[in-house]
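Going by this note's numbering, the sequence shown opens with residue 5, and the numbers climb by one from there.
Heads up, the thing below is written out as structure tokens.
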Amino acid sequence: MAADSRHDILFESVRIGPKTAPNRFFQVPHCNGAGSEKPGAQAAFRAMKAEGGWGTVCVEYCSISPESDDTPHIGVRLWNEGDVINLRHTTDSIHRHDALAGIQLWYGGAHAPVRESLAIARGPSQMPSETAYQNYCHECDEDDIRDIIEMYVTAAKMSEQAGIDYIDIVGSDSSLPTQFLQPMYNKRTDRWGGSFENRARFWVETMAAVKRAVGDRVAVGTRIAIDNLLGPSGLELEEGLRFIELMSNEGVCDLWNIKISYFMEWGNDAGPSRFFKSGYQSWATKAVREVTKVPVVGVNRMTSPDDMAALIRNGDADLVGAARPSIADPFLPNKIKEGRTDDIRECIGCNICVSQFNQEAPLICTQNATAMEEYRRGWHPEKFEPAPDPGSVLVVGAGPAGLECARVLGLRYCPAPL
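The following block contains the structure:
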């Protein structure tokens, strides 16, 4: 239980398919610039969050095929046995702290840059990418569709081999499932296009295939933008909820990971603090909870423990989804549990973490200088060794960097006048 009884609800366990999350703190998938290329850095970064009390810790989106190569962006891959070994380092590090390990399986379709693999991506209709300029995808025939569904199944089995507890079939952010679902991408006239049920078929059959393959041992969920905010050419709330009901009737989804907006509009997905109030997407998760019986998680730009508890208590969600707050303070859950809420390093929504991804660079955080230095430098956000030869240090400048420098020097027994 928490030191403050108002926060007890945050530390209740949640059943997700065959798995049980130890609490309601759910670090949603997000990139960190390590991908599969730096398994040590990836493992240490995620382990820090598990140590800090996050009950479920996910890595980022994971390419399931060379056809879904996202180069130059850096993400996780599951293309071969070597990738399984790399991922295992991360899952083992998460499990040491009794947290669940999650992954997000991604096939980019029209939006896969394929700059390294030079493969030809496949999609619902032949179309140019909105992000990878001069890229076109090949329109799938029936055999292509079956091939891609099998790619998801193979990646799910590899995820299980790597120790993953929760698999998210990402459908938001204009990945292939939502390309089939949205009329703006899907121009087909066969059984995979046209009517709502036909457009939903690929997503439903992919989930069903993955569930059959690993679902009795691994939790299987999906991420969906319940409203793209694009009008009739995208997915509007009414159709989004209809899709939730359709998938729920099939019984193939253990967790709904909910967002709003379109992948080209990061402002809604990673809203800066000056424009978005806490809980600004809770209406979407609440709407989904009303039409499904499985747990629902969503991001809400939440930094206040009171707001997090209210989200659960009001029935707006089952889990507190967060990416940026978990970067700013990996120990946020433990600090809430121990009643040290004043010690939480609050995410300010500056989005330098997002900008680093867009520049193909390792993640950094203005609030947490140790982020992505856990492996390379052995830094820990809460533990500081005494300096071997302590002495007084003059810190010139009392801005955020100067104040943090003086604080850490003090913890290392070095007096630091500002």
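Glycine included, every Cβ here is placed at the ideal spot set by N, Cα and C.
For clarity, every value in this text was computed on a predicted model and none was experimentally measured.
Of all the CB atoms in chain B, is at least one closer than 8 Å to the CB of residue i?
i	result
A314	In the structure shown, chain B does not exist; there is a single protein chain.
What residue range is occupied by the uninterrupted alpha helix (DSSP H) comprising residue i?
i	result
F184	L180 to L185
R293	S286 to R293
I20	No alpha helix (DSSP H) contains I20, which is instead part of the beta strand (DSSP E) from V18 to I20.
N338	L336 to K341
Residues bridged to residue i by DSSP?
i	result
E143	G127
Q108	Y65 and D172
Q31	V61 and A326
N261	R227 and V301
P132	Y140
R81	S67
How is residue i classed by DSSP in three states: helix, strand or coil?
i	result
K53	helix
G235	helix
T95	helix
V358	helix
V400	coil
C369	coil
A321	coil
G424	There is simply no residue 424 to check, as the chain begins at 5 and stops at 422 in what is shown.
R195	coil
H384	coil
K161	helix
Q363	coil
S9	helix
S72	helix
T345	helix
I352	coil
A410	helix
G39	coil
H101	coil
D333	coil
R150	helix
A4	Residue 4 falls outside the range modelled here, since the chain spans only 5 to 422, and no answer is possible.
D393	coil
F279	coil
Y156	helix
Please report the residue range of the beta strand (DSSP E) in which residue i lies.
i	result
E209	Careful: E209 lies outside any beta strand (DSSP E), inside the alpha helix (DSSP H) at F200 to V218.
G244	It is not in any beta strand (DSSP E) - G244 instead sits in the alpha helix (DSSP H) that spans L241 to E254.
R305	Unbroken run through R305: none, as it is neither H nor E.
W25	Correcting the residue identity first, residue 25 is Ala in this sequence and not Trp. Run containing A25: K23 to A25, per the beta strand (DSSP E) assignment.
Are the CB atoms of residue j and residue i within a distance shorter than 8 Å?
i	j	result
A114	G106	no
R416	E389	yes
I356	I348	no
M376	A45	yes
V157	A217	yes
L185	Y111	no
T75	P117	yes
H34	E71	no
M251	G283	no
I228	G175	yes
A204	F247	yes
N372	I331	yes
D310	R28	no
A431	L422	A query on residue 431 cannot be resolved here, the shown segment of the chain reaching from 5 to 422 and no further.
P385	T374	yes
C141	M131	yes
P22	D220	yes
Y266	L245	no
P366	N36	yes
P325	V32	A small fix is needed here, since residue 325 is Gly in this sequence, not Pro. Result yes, Cβ atoms of G325 and V32 sit closer than 8 Å.
Residue i: beta carbon under 7 Å from a heavy atom of the ligand COA?
i	result
A288	No copy of the ligand COA appears in this structure; indeed no ligand is present at all.
Q) Taking contact to mean at least 3 C-beta pairs separated by less than 8 Å, is the region 43-60 in contact with the region 94-101? A) yes
Q) Would you say the region 161-180 touches the region 82-97, given that touching needs at least three Cβ pairs under 8 Å? A) Touching, yes, given that three or more Cβ pairs across the two stretches are closer than 8 Å.
Q | the region 317-328 in contact with the region 338-346 per 3-pair CB rule at 8 Å | A | no
Q) Okay, do the region 17-33 and the region 281-301 touch, 3+ Cβ pairs below 8 Å being the bar? A) yes
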